[in-house]
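Structure record follows, encoded as structure tokens.
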Amino acid sequence: MLLVALALLISIIQLTVAPNALLQSISSNLNHSSAITKESRIGYVNTPYVTMPELKTGALPYASSAKAAIIYDVGSGKTLYEKSPTESIPIASLTKLMTALVIMQNHSPNEIVTIPKGLPVLGSADQKIGVVEGEKFKLSELMQALLVYSANDVANSLAVWDSGSIDGFTNKMNGYAKQWGLENSHYTNPTGLDETNHQSSTKDLLSLSTILLHNATFRKIVNTQKTTIHSEAQKPYTLTTTNHDLTVPYIYGIKTGLTDNAGQCLILLAQKGNHEIITVVLNSPDRFQESKNMVDYAFSNYLWK
């Protein structure tokens, strides 16, 4: 809990003064209309005071089937459930949240990205949209491919574009992990594809998600079910979300992950009334159903007083 609170406090200080347009000030994101729809929900609920969730009398404790899991109430900062919260294990494409943070901290959305040469060769089964060397995109377009479709070729392209090499970019990722106090995280690539010592924990992923979700642009992207982006030459790329739980009316993001070593991974943001819940599961036998079960458990078994 202390780690999450500290990371959130740091995020508020740092993101507020960030010079680029993608990371907007925290204060502007906290205030929005109380008339909330699934499409417009891109800011934290603006509650007049903090209410504390309490487990209802007679409610049974939750039991996750994932290797590691956490349920977190955003408004109070209270962890409602956790299982192995600090265990460092593979996280698959949840990695792309850190990739996004590094890019957002160092660039503005209207910058033009030229797809670099010499990118890592991806397998035929690896998620990709098929960008080609020399192709040009607005950064804002590629961020959608990164977070909606979880495109590995885009993650690698952004890394080399930003830092000149994959190794240079992963050094940045690990530097940011240290800066934000993510003590159980270590990155070896920007995609999340299986490699030795590429890992994180549910607690670190919760902290990272909390930081990113203060940005309105990020929240809008991860709540997107389907969209089409275009290169500067107007070549279209249609993107369909990898997050099947976005069809649930009260779920608004945020990221999926799946590899042989990591298993099924998922982070969700859900909101009912004036309450937001974040859940994280790593190596779950059924990430979409279990994550929805966790969200429903929180809303059904807790009272906010």
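Take 3 as the starting number for the sequence shown in the numbering used here and just add one per residue.
We put the beta carbon where it would ideally sit given N, CA and C, even for glycine.
Between the beta-carbon of Ile231 and the beta-carbon of Gln146, is there less than 8 Å?
-> If you number the sequence shown from 1, residue 231 lands on position 229. If you number the sequence shown from 1, residue 146 lands on position 144. The answer is yes: Cβ separation under 8 Å.
Name the residue from Leu148, Ala127, Asn154 and Lys119 whose alpha carbon lies nearest to the alpha carbon of Glu137.
-> Counting from one through the sequence shown, the residue named residue 137 turns up at place 135. Ranking Leu148, Ala127, Asn154 and Lys119 by Cα distance to Glu137 puts Lys119 first.
May I have the straight-line CA-CA distance separating Gly79 from Ile280, to the nearest angstrom?
-> Taking the first residue of the sequence shown as position 1, residue 79 is located at position 77. Taking the first residue of the sequence shown as position 1, residue 280 is located at position 278. The alpha-carbon atoms of Gly79 and Ile280 are separated by roughly 10 Å.
Can you pull the DSSP bridge partners for Thr116?
-> As a working note, residue 116 is residue 114 in the sequence shown. BP columns for Thr116 point to Lys138.
Proximity winner among Thr53, Ser66, Leu57 and Ala61, relative to Asp288 (alpha-carbon distances) | Residue mapping note: residue 288 aligns to position 286 of the sequence shown, counting from 1. When each option's Cα is compared against that of Asp288, the closest is Ser66.
Assign Val52 to buried or exposed, taking buried as 16 or more other Cβ atoms, counted over all protein chains shown, within 10 Å of its Cβ.
-> Counted from its first residue, the sequence shown places residue 52 at position 50. It is exposed - the Cβ of Val52 has fewer than 16 other Cβ atoms within 10 Å.
Span of the alpha helix (DSSP H) holding Asp247?
-> Reading the sequence shown from its first residue, position 245 is the one you call residue 247. First-last for Asp247: undefined, no H or E at that position.
Inter-stretch contact at 8 Å, needing at least 3 Cβ pairs: the stretch 119 to 132 / the stretch 155 to 162 | yes
Who does Glu84 pair with in a DSSP beta bridge?
-> One-based indexing of the sequence shown puts residue 84 at position 82. According to DSSP, Glu84 bridges with Ile72.
Leaving out the 5 sequence neighbours to the left and right, which residues in its chain are closer than 6 Å to Tyr74 when beta-carbon positions are compared?
-> Within the sequence shown, the letter at position 72 stands for residue 74. The residues are Thr81, Leu208 and Ile280.
On the three-pair Cβ rule with 8 Å, is the stretch 234 to 245 touching the stretch 104 to 113?
-> no
Assign Gln273 to one of two classes, buried (16 or more other C-beta atoms within 10 Å of its C-beta) or exposed (fewer than that).
-> Position 271 of the sequence shown holds residue 273. By the 10 Å Cβ count, Gln273 comes out buried.
Spatial neighbours of Val250 within its chain, please: CB distance less than 7 Å, with the 5 preceding and 5 following residues excluded, ordered by chain position.
-> Here the question's residue 250 lines up with position 248 in the sequence shown. Lys294.
Who are the Cβ neighbours of Ser233 in its own chain at under 7 Å, not counting the five residues just before and after it?
-> Position 231 of the sequence shown, counted from the start, is the residue given in the question as residue 233. Excluding positions up to five away in sequence, the list reads Glu137, Lys138 and Phe139.
For the candidate residues Ala179, Ala102, Lys69 and Ala218, whose alpha-carbon lies nearest to that of Asp164?
-> As a first step, residue 164 is located in the sequence shown; it is residue number 162 there, counting from the start. Here the closest residue by C-alpha is Ala102.
Contact under 8 Å by Cβ, Leu268 with Val283 | For the purposes of this step, residue 268 is taken as residue 266 along the sequence shown, with counting starting at 1. For the purposes of this step, residue 283 is taken as residue 281 along the sequence shown, with counting starting at 1. Yes, they are a contact pair.
Assuming Ala264 contacts Ala70 (C-beta within less than 8 Å), just tell me the rounded distance between them.
-> On the sequence shown, residue 264 is found 262 positions in, with the first residue counted as 1. On the sequence shown, residue 70 is found 68 positions in, with the first residue counted as 1. Between Ala70 and Ala264 the Cβ distance is about 11 Å, and since that is not below 8 Å, they are no contact.
Could you tell me whether any non-hydrogen atom of the ligand MN is closer than 7 Å to the CB of Arg221?
-> The ligand MN is not among the ligands present in this structure, which contains no ligands whatsoever.
Do Gln201 and Ile72 have their CB atoms nearer than 8 Å?
-> Against the sequence shown, residue 201 aligns to sequence position 199. Against the sequence shown, residue 72 aligns to sequence position 70. Their beta carbons are not under 8 Å apart, which means Gln201 does not touch Ile72 by this criterion.
Among residues of its own chain, excluding the 5 on either side of Gly255, which ones have a beta-carbon nearer than 6 Å to its beta-carbon?
-> Position 253 of the sequence shown, counted from the start, is the residue given in the question as residue 255. Val224, Asn225 and Leu271.
Considering only C-alpha positions, which residue in the set Thr204, Lys205 and Thr190 is nearest to Glu198?
-> What you label residue 198 is simply residue 196 of the sequence shown in a count that begins at 1. One point to set straight first is that residue 198 is Thr, not Glu, in the sequence displayed. Per the Cα distances, Thr190.
Could you give the residue range of the beta strand (DSSP E) that holds Gly255?
-> Stepping through the sequence shown from its first residue, residue 255 is reached at position 253. Element bounds for Gly255: Ile253 to Thr261.
Can you tell me whether DSSP reads Ile91 as helix, strand or coil?
-> In the sequence shown, the residue the question calls residue 91 occupies position 89. Three-state DSSP puts Ile91 in a strand.
Lys307 versus Phe301 - alpha carbon distance | For the purposes of this step, residue 307 is taken as residue 305 along the sequence shown, with counting starting at 1. For the purposes of this step, residue 301 is taken as residue 299 along the sequence shown, with counting starting at 1. Cα to Cα, Lys307 sits roughly 13 Å from Phe301.
The beta strand (DSSP E) with Asn285 in it runs from where to where?
-> Residue 285 sits at position 283 when you count from the first residue of the sequence shown. Element bounds for Asn285: His277 to Ser286.
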